[in-house]
Amino acid sequence: MDKKWWKEAVVYQIYPKSFMDSNGDGIGDVQGIISKLDYLKDLGISVIWISPMYESPQKDNGYDISDYQALDKRFGDMNDFDELIEQAHKRDIKIVMDLVVNHSSDQHKWFIESRKSKDNPYRDYYIWRDPKEDGSPTTNWGQFFGGSAWQYDETTGQYYLHQFLAEQPDLNWENEKVRKEVYDMMTWWCEKGVDGFRMDVISLISKPEVYEDGPINTPDHFSHVGGITPNGPRVHEFLKEMNREVLSKYDLITVGETAGVTVDEAKKYAGFDTNELNMVFHFEHMGLDEDEHGKWTNHRFYLPDLKENFTKWQKELDGKAWNSLYWDNHDQPRAVSRWGNDSDEYRVVSAKMLATCLHMLQGTPYVFQGEELGMTNFTFTDISQTDDVEEKNNYKTLVEVEHVYTKEQMLEAISMRGRDNARTPMQWDDSENGGFTTGKPWFAVNPNYSKINAKSQVNDPDSVYSYYKELIKLRKENDIIVYGTYDLLCPDDEKLYAYTRTLGDEKLLVLCNFSQDEIEVPQEIKDMISANKGILISNYKDGQADTLRPYEAVVYKI
Ligand code: ISL
Ligand code: CA
């Protein structure tokens, strides 16, 4: 397999609003990021992906962009940004920008023009349709956050399409001029020195030829994993064009956020010879703990399902395309709370186990800010404590309109699954507000900051932080972790996730106990361990071959 730097990288995701505030206004900013570059350097990551910092009315926390070539003032200005690039590069850290071009903000100058008249030169930058005869929207499509995907605009008597909020109108990728604008803007950032793009819902940019009602396209607050227009007819053509016009001219890392992607589609988006992207984020494991009420549930995942899913992606893409690996991001609850155990007793050990399980897979791992500290979900006891529009909309629908849930049930679901869990400020130390700001934080800091914070972990060899650091270091030193092939063992075991990695005559055996029980190691694995050549990493001090203790993870060289 071809060696590439982006296959060997570990990416750290920053949600800028909640990372570090430098000026006491309670909102994280670019100077705050700069002040923490040494922390990230020490952790060992090689790439930072920063969620949007562009000028934005912040209806969806920056995923609604009104100027793609300006920073939002609350984060800083272009001088700050240039300094960030320079300071990051000085430390061999690359910077990846979030590229949000399925939609813009309704305050973008293109949309302000577009809605003025049917013959405005920017009209076709967006997607406008006549109402049906009865005045209702063109189709029954629903947007991700609840409600119709069509917004009526009085000025011209037409509806425009928005797969997210009405303040996030979808751009019309059929229009060549739109594509040219996007490519020029990307080139401008590349010339500035950015090292890549994470492409927001890029799988949704190509819309169907015919707009018609459909079963998955009903306004449905429960189903949002696929979006309305995943993997549309021209998406690969568009990405090949983008690659030709921009990406191929620079040495970048590119990852598509591809709602609704399947392994077959991923081979096209991220194929080694397809000239589109380096890798994609799929969402299949994010759906494993859903039930008939979708994500708003207290249901937990079943380990054999997770193993089956990871194994499918590992085996199917091996040698053909590249995987991205993640447990969480700014749209997901905290990894240790969702996949591990965030009780006092097991938080540290289970966070390390999860890290082992993910970082030993084939693909590029992503670490979301605070994951390296084992930060946990927040307990929301009233809807007024939340910020996220998705949580608020669904609370309204499920509790107040449809009475599917009681208030308490929905708040429990939000505390387990809501996007706000990821968005509480980073916990730097045990001073007020966890050291995130000297002012009033824009969003509540998790009260456990006095116990869980970076300061107490960076110099503690037994901390979650030090364990991540070790995993990242091992990846740099061992090609097998990056390039080895993967094979699953004991697929049906409900507590143990065991797999091997193989490269040439080297082999690793990865054992992860996903339960709080002490479990007996199956005989076939005992036989493999008996000839082991040492332990690469483990979250318990003394290895013991026959049993695995609660949440024990161990990687043997065999
Ligand atoms: O958050 C989700 C589920 O709760 C996802 O389905 C998410 O909405 C979807 O993956 C798209 O996410 C991206 O685009 C959105 C933005 O709100 C998200 O923050 C972003 O990651 C619209 O730009
Ligand atoms: Ca600030």
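In this note's numbering, the protein residues as written are 344 to 901.
Don't be surprised by glycine CBs; every beta carbon is placed ideally from N, CA and C.
Computed from a predicted model, the values in this text were never measured in an experiment.
Query                                                                                                                             : Result
Residues near ILE823 in its chain [Cβ-Cβ closer than 7 Å; skip 5 each side]                                                       : ARG844, LEU846, GLU849 and LEU851
Whole-angstrom distance between GLU633 and GLU743, CA atom to CA atom                                                             : 21 Å
Whole beta strand (DSSP E) elements within the stretch 678 to 760, 3-residue minimum                                              : 707 to 711
Bounding residues of the beta strand (DSSP E) (the contiguous stretch that carries LYS850)                                        : 849 to 856
Reduced DSSP category for THR605 - H, G, I as helix; E, B as strand; rest coil                                                    : coil
Cα-Cα separation between GLU517 and PHE540, rounded to whole angstroms                                                            : 22 Å
Residue of GLY713, TYR465 and PRO400 minimising C-alpha distance to ARG417                                                        : PRO400
Any heavy atom of ligand 2 nearer than 5 Å to the CB - residues listed                                                            : ASP364, ASN366, ASP368, ILE370 and ASP372
Neighbourhood of GLU895 by C-beta distance below 6 Å, restricted to the same chain and skipping five residues each side           : ASN856 and TYR883
Close-in-space but distant-in-sequence residues of the same chain around ASP398 (CB under 6 Å, 5 per side omitted)                : With the sequence shown as reference, residue 398 is identified as Glu, and Asp is not the correct amino acid for it. Result list for GLU398: SER409, ASP410, ALA413 and ASP415, in chain order.
Outcome for ASN789 when other beta-carbon atoms lying within 10 angstroms are tallied against a minimum of 16                     : buried
Residues bridged to LEU620 [DSSP beta-bridge criterion]                                                                           : LEU620 pairs with nothing; no bridge assigned.
Proximity to ASP763 [Cα-Cα], best of GLU733, TYR792 and LEU832                                                                    : GLU733
Coarse secondary structure for MET440, derived from DSSP in three states                                                          : strand
Heavy atom of ligand 1 within 6 Å of TYR406 beta-carbon                                                                           : yes
Alpha carbon of PRO834 to alpha carbon of ALA841, nearest angstrom                                                                : 8 Å
Alpha-carbon to alpha-carbon, ALA352 and GLN501                                                                                   : 47 Å
CB contact flag (GLN356, ASN641, <7 Å)                                                                                            : no
Residues sharing a beta bridge with SER447, DSSP                                                                                  : None; SER447 has no bridge partner.
Backbone secondary structure at SER566 - three-state DSSP                                                                         : With a pLDDT of 42 at SER566, under the threshold of 50, the modelled position of that residue is not reliable, and the figure given next carries that caveat. Looking at SER566 - three-state DSSP - the assignment turns out to be coil, as it is neither helix nor strand.
Any non-hydrogen atom of ligand 1 closer than 6 Å to ALA765 Cβ                                                                    : no
Own chain, CB closer than 6 Å to VAL692, minus 5 neighbours either side, in chain order                                           : ASN882 and TYR894
VAL525 CB to nearest heavy atom of ligand 1 below 6 Å                                                                             : no
Spatial distance of GLU715 from TYR811 (CA atoms)                                                                                 : 6 Å
Exposure label - GLN866; buried when at least 16 CB within 10 Å                                                                   : exposed
Residues bridged to ASP473 (per DSSP)                                                                                             : Answer is none; ASP473 lacks a bridge partner.
Contact check, ASP372 vs SER361, beta carbons under 7 Å                                                                           : no
Contacts around LYS550, its chain only, beta-carbon distance under 6 Å, and the 5 residues preceding and following it disregarded : THR572 and GLY575
For VAL354, the residue or residues it bridges with in DSSP                                                                       : VAL390 and TYR709
Cβ shell of ASN618 (< 6 Å), same chain only, five flanking positions each side left out                                           : LYS583 and ASN586
8 Å Cβ shell around LEU879 - same chain, five flanking residues per side excluded                                                 : LEU817, ASN821, LEU851, VAL898, TYR899 and LYS900
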